[in-house]
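Peer 1: Take a look at this one; I'll ask things after.
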Amino acid sequence: MGVKLAYSTWGEGPRPLVLLHGFTGNRTSFDHLRPLLGSSVRAIAVDLPGHGETPLPTKPGREGFLETVDALVALLDELELPSVDLLGYSQGARVALAAAVRAPQRLGRLILESGSPGLHRRQERAARRESDTQLASFLRTRGVDAFVERWEALPLFEGLRNLPAPQAESLRERRLTCTVEGLAGALACLGTGEQPDFWPALHRQRVPTLLLTGEKDTKFTELARKMASELPVVWRHAFTGCGHAPHLEAPEAYAGEVLSFLRTPWYEAPPFESPTDTIHT
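Per the UniProt record's numbering, the sequence shown starts with residue 1, numbered consecutively.
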């Protein structure tokens, strides 16, 4: 039957908005946005496999990644939602993009924060899998506390080191609730090395898409620029002074961009004709 995703809901708005957290997060990762988004959306916050209350997929590797995407679509069926808006951060953004590729008819709009369409070359994917295997080995040897210390020290998360104390403590507590097997298993099935390469599919997408990054996160801002050159119906925004996690580093500005995008009147996207369609950035 596949993995079943745990979730919770909040908000009083008319628009169903599914929220997918990043690695070491859980469905509470966007709770600080409730006062900013809750009157406009009906949020469905999901625990991705290996996090919170969601178990790991029944299949390993790439098949586990695709099983996760299928589980997300199954959740929409369970909730009787023919179409939703979908927002994902980092790991969650990669799963969200996969859902747009595999089931575009189920999505109204797509918001990807610090996401990637995957790796082009087989050697790159193999190298990333080896790196994630080493991380999993460190987890099993040293435990979650030591892993979180190592994870938070990565240059990628420099922007999170200036969070207000209550927010920083909440982030640390959330990470420390993770388990060794959950995180290690997530690395093995949701890591970038296991993700299919979705670059070739981007030019066929017609789901209106917003790409969000922090300007200090040069790697993912450049990835967003390249994605915007491939996606026919796309906007992008880089938050000034932010790194990899603008939803935490600049929540008010982040919520403003999300709501502006969701509220913009739209039309039914035209069928695919050629890769020369207009690009909005």
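By construction, the Cβ of each residue, glycine as well, lies at the ideal position given by its N, Cα and C atoms.
#1: Taking one C-beta from the region 180-188 and one from the region 200-209 each time, how about it: are there three or more such pairs within less than 8 Å?
#2: Can Leu190 and Phe65 be called in contact, C-beta distance under 8 Å?
#3: Which residue wins for smallest C-alpha separation from Ala45, given the options His203, Leu76 and Cys178?
#4: Counting pairs of beta carbons, one from the region 100-110 and one from the region 20-38, are three or more of them closer than 8 Å?
#5: Which term fits Val73, buried or exposed, when burial requires 16 or more other beta carbons within 10 angstroms of its beta carbon?
#6: List in chain order: all unbroken beta strand (DSSP E) runs of 3+ residues lying wholly within the region 140-228.
#7: Under 8 Å: do the region 238-254 and the region 215-230 share three or more Cβ pairs, one atom per stretch?
#8: Just the C-alpha distance for Val234 and Gly159, rounded to the nearest angstrom, thanks.
#9: Measuring only the C-alpha atoms, how far is Gly92 from Val69?
#10: Does the distance from the CB of Pro117 to the CB of Leu97 come in under 8 Å?
#11: For His120, which residues from the same chain have a beta carbon less than 7 Å from its beta carbon, with the 5 sequence-adjacent residues on both sides left out?
#12: Any chance you could list the alpha helix (DSSP H) runs of at least 4 consecutive residues sitting entirely within the region 70-103, in chain order?
#13: Just the C-alpha distance for Leu20 and Arg174, rounded to the nearest angstrom, thanks.
#14: Which term fits Asn26, buried or exposed, when burial requires 16 or more other beta carbons within 10 angstroms of its beta carbon?
#15: What does the alpha-carbon distance come out to for the pair Glu124 and Pro14?
#16: Classify Phe138 as helix, strand or coil using the three-state DSSP reduction.
#17: Distance check for Pro49 and Leu202, CA to CA, integer angstroms please.
#18: Determine the extent of the alpha helix (DSSP H) in which Glu252 is found, giving its start and end residues.
#19: Helix, strand or coil, according to DSSP, for Glu130 in the structure here?
#20: With Ala238 and Thr221 assumed to form a contact (beta carbons below 8 Å), what rounded beta-carbon distance in angstroms separates them?
#21: Spatial neighbours of Leu135 within its chain, please: C-beta separation below 7 Å, excluding the five flanking residues on both sides.
#22: By the three-class DSSP mapping on this structure, what secondary structure does Glu53 have?
#23: If you reduce the DSSP assignment to three classes, tell me which class Pro271 lands in.
#24: CB-CB under 8 Å to Thr9, same chain, minus the five flanking residues each way: which ones, in chain order?
#25: Verify whether the separation of the beta carbon atoms of Glu63 and Arg129 is less than 8 Å.
#26: Quick check on DSSP: helix, strand or coil for Thr281?
Peer 2: From the atom records:
#1: Using a C-beta cut-off of 8 Å, the region 180-188 makes no contact with the region 200-209, since fewer than three inter-stretch Cβ pairs fall below that distance.
#2: Yes. Within cutoff.
#3: Here the closest residue by C-alpha is Leu76.
#4: With the cut-off at 8 Å, the region 100-110 and the region 20-38 do not touch.
#5: It is exposed - the Cβ of Val73 has fewer than 16 other Cβ atoms within 10 Å.
#6: For the region 140-228, whole beta strand (DSSP E) runs of length 3 or above, ordered along the chain, are 209-214.
#7: Under the 8 Å Cβ criterion, the region 238-254 counts as touching the region 215-230, having at least three qualifying pairs.
#8: Each residue's Cα considered, the two are about 26 Å apart.
#9: Using only the alpha carbons, I get a separation of about 10 Å.
#10: The answer is yes: Cβ separation under 8 Å.
#11: Apart from the 5 residues on each side of it in sequence, His120 sits with its Cβ closer than 7 Å to the Cβ of Asp197 and Trp199 in its chain, given in chain order.
#12: You should have 91-102.
#13: Cα to Cα, the separation comes out at about 15 Å.
#14: Flag for Asn26 reads buried.
#15: Between Glu124 and Pro14, the C-alpha separation is close to 42 Å.
#16: Correct three-state label for Phe138: helix.
#17: Computed Cα separation, rounded: 25 Å.
#18: Annotation: the continuous alpha helix (DSSP H) that includes Glu252 extends over Pro251 to Arg263.
#19: If DSSP states are grouped into helix, strand and coil, Glu130 belongs with the helices.
#20: About 5 Å separates the two Cβ atoms, so the contact holds.
#21: Within the same chain, Leu135 has close Cβ partners Leu187.
#22: In this structure, Glu53 counts as coil in the three-state DSSP scheme.
#23: A caution first: Pro271 carries a pLDDT of 48, below 50, which makes its placement in the model unreliable, though a value can still be read off. Coil at Pro271, not helix or strand.
#24: The answer, listed in chain order, is Arg42, Ala43, Ile44 and Ala45.
#25: No, these two residues do not count as a Cβ contact at 8 Å.
#26: For Thr281, the pLDDT reaches just 34, beneath the cut-off of 50, and the residue's location in the model is therefore unreliable, although a value from the coordinates is still provided. The answer is coil: DSSP assigns Thr281 none of H, G, I, E or B.
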